[in-house]
Structures are given as C-alpha cells and as structure tokens.
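Numbering (the working numbering), first residue to last: -8 to 449.
Where a beta carbon is used, it is the ideal one built from N, C-alpha and C, also for glycine.
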C-alpha cells in the first residue's frame, strides 16, 4: 500500500546523521540537525512546493558500549537518539534484541530489529509514500537500506548527498550544503536533559582520544607486538579471539596506557585519568597489534573447496592488492578465488577493465567475499545476504517477464544457458554482479559484471 502520490518520505541512514560531522573540523555543529526542517527545505528546493513531506525513517545500527570505532560513541549516539522528536521514526538495528517484532512500523516511535534485513522487511509491510528522498553519507558502499530503496523506488528515489562527500555517478543524486544544515539546526537544549554542549563534548573527546591512540600506537606497539608474538600460534582466528578476550593481559596493557598518557602535552587532564578512556585505548592497541600479527603470518585461513570433508587443508586467503587490471584478475582468478568461476561472458567484461574504474576495487572485494562464503558454507541455504549489497534475487516483476528473465540467463563453462537470478550490488555506482551457486560442485559462478540490467520500471 502507498500514501498519496504528492507525498515524499525521507529516509536517513547513519550513526549520527552522517560520518563527516564527526571528523570535519569547523562543521561539527552540522550533525545537530532537525530532520523535519531539513527534509522540508530540501524537498521544496529539489521538487518544488507541491509535494509534502511524509514520514521520516531514520535507520541506524546500535553502537555497542564495547565498540572500538570511536571513544564514547555509544553515549554520543544515545544523546543523538533522545534529541529526535516525534516526527522521526527511529529504527535501531540491535543484534541483542531477543523478540522479533512484526507488522507495520509505527510512525514517530522507536523500533528495534535484530538485523538491517529485518528492519527493511518491516518497512516493506508499512504504508509509505510513492516517492522517496534518502540522505546517506554511505552511498559509496552497499547497504540493505540503499538496496531496498534502489529496488523499491528506482527513479522516484532522490539521493541527497551531504556536503564534503563525493557525489555518486547517478542521475538522481543532488548535493546539499552547510547552509541547509545550519538553517535546520536543533535547539541547544532539548527537554529531557539533552543538550548540544554534552553532545559536542563527547564528540570532542572522541577526536582527542583518537589522537592519543595514534601516539600510543607509535610508542607502545613494538613491545606489544613482541609480547603477543610469543603466544602459541595455531589457527589465526582462534588465536586472535583468545588474545582479545584475555582480561588480565588487557588490564596490564591498560596500566601501561595510564602511565603513558600523562607524558602527552594536554591541557585538560580529565580524560587521561578516566578509566573508560585508558581501557578503550588499551583494547584498541591490542586489537590493532593482534590483527597486524595475524596479517603478517598469513591473514585469515579458509578451507579449500575440494577438501570440505574430513580434517581438510588450510589455505591462505590471498590479498587482492596486487591485482592491477582485469587481465591480471582473469589470469589469477583460479588461484585467488578457488571457489569462484568466472563464466565466459563475465570474463570478457572483466578483461575490458583497466583497473582505473571506480568499481574495480569493489569487484575484487565482491569476488573475495563470494570465495570466502562459498568456502565457509557447509550446508543449508546459501547465505546470499552475506555478499555485498547485500545480494538478493530478482523482483517478482522481473521474474514474471520472459524478456527480462532472458537478460539474466548466461552460459556456464559447461555450455548450459541458465538463469543467474541472484546478484551482488554496488548501489552508489549502479553496478551488479549476477551469480549462480552450483551446490553439487560447490562453486559460485559469475555470469555478468556491469551496469544494472533493465527492469520492468526502467
């Protein structure tokens, strides 16, 4: 079901509106934004005065208190969510959520879902406007929400790109400016004990602690790596987990950090005496050092597809940084991605790549992900959603059209012409990689790499 055609819904994706607001000096206040005011302003600017702003859907993953991305980000996100008024429907992705909510989303409320896919499933069940705008600082990466909007709205989806972000190569994208954000600013003090001052302090703390982490890495990494390298080393994944879960080692490292921080030239000594700060830096150092050791000793290991039964043989999942062109990729694909087959049609498309294409790096990551998931797959339905995009099958309208189905049929290495319904996606650049899983041979076959194939809507 849809709402009247002259209504436009606003979708927003991000931890606290957009990631640039956390790192762009001088633009910190731009993250403190009233979505309703901003949406109405951008709607009039890009669609005229006739359409009206409908619902505002704000989707964000819940930041764990143990997250290492940024110091105090969990508390900062809590303030940000409390600052949003009843005009914003807050959809929080929380993997720890026990109950599985069902049915339509309630406008203006907060809803928690276990995965982005579950959140999008509920969006599909909810009455929405027939047109949409989306604000995302993440348009260059694939996400479940962006894939949903791409499929659901097609050219009726206006992509609004925040200032300081690169514009995607798509016709329906528009960039807004800092003036739009300034004129849409939330009040400094919001009922319920939420203030801009507290929010800004947490952001400032995050930037300062990030600098301290870099200083600590330079000063303490050599001794840390030497100590970690002496630990028993078998399977890298198991070793890494044991290192990160070692509470006594973490406490010892925390004490070293606490002794190191006072040596830094800092006017405000509040944070270097904060145990939460020293614990965060200690965990960040251990995490970085341990993962570097794992990479130096061979990266992650996966089972070869021909050795799925029995004890198996561990092989290195190779890096793709040395792949410079499509020719390189085709010639080394068999050794780099043993669980992936590139069919002849897709091979021609890959050979045409020079390596300078905006999506070339994404192609390498997509093939590596396909290889990794095929190697890890031991039974049950294949986990398509773990592939970039996330990967999905085709829509009902495409599958119902013989002409559109034929466009998705490709020739395998054995000469069969088969339907390659599933596809990985780079939404920002409108690139698709169609594939088919051969369960008997445990291979993922690539049939097409290129621009979005035609659909019933365009």
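Selected residue, minimal CA-CA separation from residue i, among the options
{"i": "residue 86", "options": "396, 55, 329 and 281", "result": "55"}
{"i": "residue 264", "options": "345, 118 and 200", "result": "200"}
{"i": "residue 151", "options": "212, 107, 38 and 187", "result": "38"}
{"i": "residue 327", "options": "355, 342 and 153", "result": "355"}
{"i": "residue 243", "options": "213, 115 and 274", "result": "274"}
{"i": "residue 267", "options": "28, 58, 106 and 123", "result": "58"}
{"i": "residue 467", "options": "414, 430, 429 and 217", "result": "The shown model of the chain, from -8 to 449, leaves out residue 467, and the question about it has no answer."}
{"i": "residue 142", "options": "403, 383 and 392", "result": "383"}
{"i": "residue 339", "options": "349, 322, 330 and 217", "result": "322"}
Straight-line Cα distance separating residue j from residue i
{"i": "residue 425", "j": "residue 91", "result": "31 Å"}
{"i": "residue 219", "j": "residue 269", "result": "19 Å"}
{"i": "residue 251", "j": "residue 257", "result": "12 Å"}
{"i": "residue 247", "j": "residue 335", "result": "57 Å"}
{"i": "residue 420", "j": "residue 380", "result": "12 Å"}
{"i": "residue 66", "j": "residue 112", "result": "28 Å"}
{"i": "residue 432", "j": "residue 317", "result": "25 Å"}
{"i": "residue 324", "j": "residue 443", "result": "23 Å"}
{"i": "residue 171", "j": "residue 3", "result": "15 Å"}
{"i": "residue 84", "j": "residue 194", "result": "22 Å"}
{"i": "residue 307", "j": "residue 435", "result": "Confidence at residue 307 is low in this model, with a pLDDT of 42, below 50, so the placement of that residue should be treated as unreliable; the coordinate-derived value is given next. Taking the straight line joining both Cα atoms gives about 19 Å."}
{"i": "residue 446", "j": "residue 235", "result": "47 Å"}
{"i": "residue 19", "j": "residue 191", "result": "Bear in mind that a pLDDT of 44 at residue 19, under 50, signals an unreliable position, so the number given afterwards is only what the model happens to contain. Rounded to the nearest angstrom, the two C-alpha atoms are 8 Å apart."}
{"i": "residue 397", "j": "residue 97", "result": "40 Å"}
{"i": "residue 175", "j": "residue 342", "result": "48 Å"}
{"i": "residue 169", "j": "residue 154", "result": "6 Å"}
{"i": "residue 411", "j": "residue 378", "result": "15 Å"}
{"i": "residue 183", "j": "residue 77", "result": "13 Å"}
{"i": "residue 292", "j": "residue 400", "result": "Unreliable placement is indicated for residue 292, whose pLDDT of 39 sits below 50; the coordinate value is still reported in the next sentence. Straight-line Cα distance between these residues: approximately 34 Å."}
{"i": "residue 430", "j": "residue 403", "result": "14 Å"}
{"i": "residue 60", "j": "residue 125", "result": "24 Å"}
{"i": "residue 245", "j": "residue 221", "result": "20 Å"}
Residue i classed as buried or exposed, judged by whether at least 16 other C-beta atoms fall within 10 angstroms
{"i": "residue 365", "result": "buried"}
{"i": "residue 438", "result": "buried"}
{"i": "residue 135", "result": "buried"}
{"i": "residue 255", "result": "exposed"}
{"i": "residue 299", "result": "Here the model assigns residue 299 a pLDDT of 38, short of 50, so the residue's position is not dependable, and the following value carries that caveat. Residue 299 is exposed by the Cβ-count criterion."}
{"i": "residue 25", "result": "buried"}
{"i": "residue 197", "result": "buried"}
{"i": "residue 138", "result": "buried"}
{"i": "residue 45", "result": "buried"}
{"i": "residue 118", "result": "exposed"}
Residue span of the beta strand (DSSP E) that contains residue i, given as start and end
{"i": "residue 122", "result": "122 to 127"}
{"i": "residue 385", "result": "From DSSP, residue 385 is part of no beta strand (DSSP E); its letter is neither H nor E."}
{"i": "residue 80", "result": "79 to 84"}
{"i": "residue 101", "result": "101 to 104"}
Sheet register partners of residue i (DSSP bridge)
{"i": "residue 451", "result": "No answer is possible for residue 451: it lies beyond the span of the chain, which begins at -8 and ends at 449."}
{"i": "residue 149", "result": "124"}
{"i": "residue 422", "result": "417 and 442"}
{"i": "residue 436", "result": "332 and 427"}
{"i": "residue 164", "result": "150"}
{"i": "residue 410", "result": "400"}
{"i": "residue 43", "result": "-2"}
{"i": "residue 24", "result": "176"}
First and last residue of the uninterrupted alpha helix (DSSP H) at residue i
{"i": "residue 194", "result": "187 to 220"}
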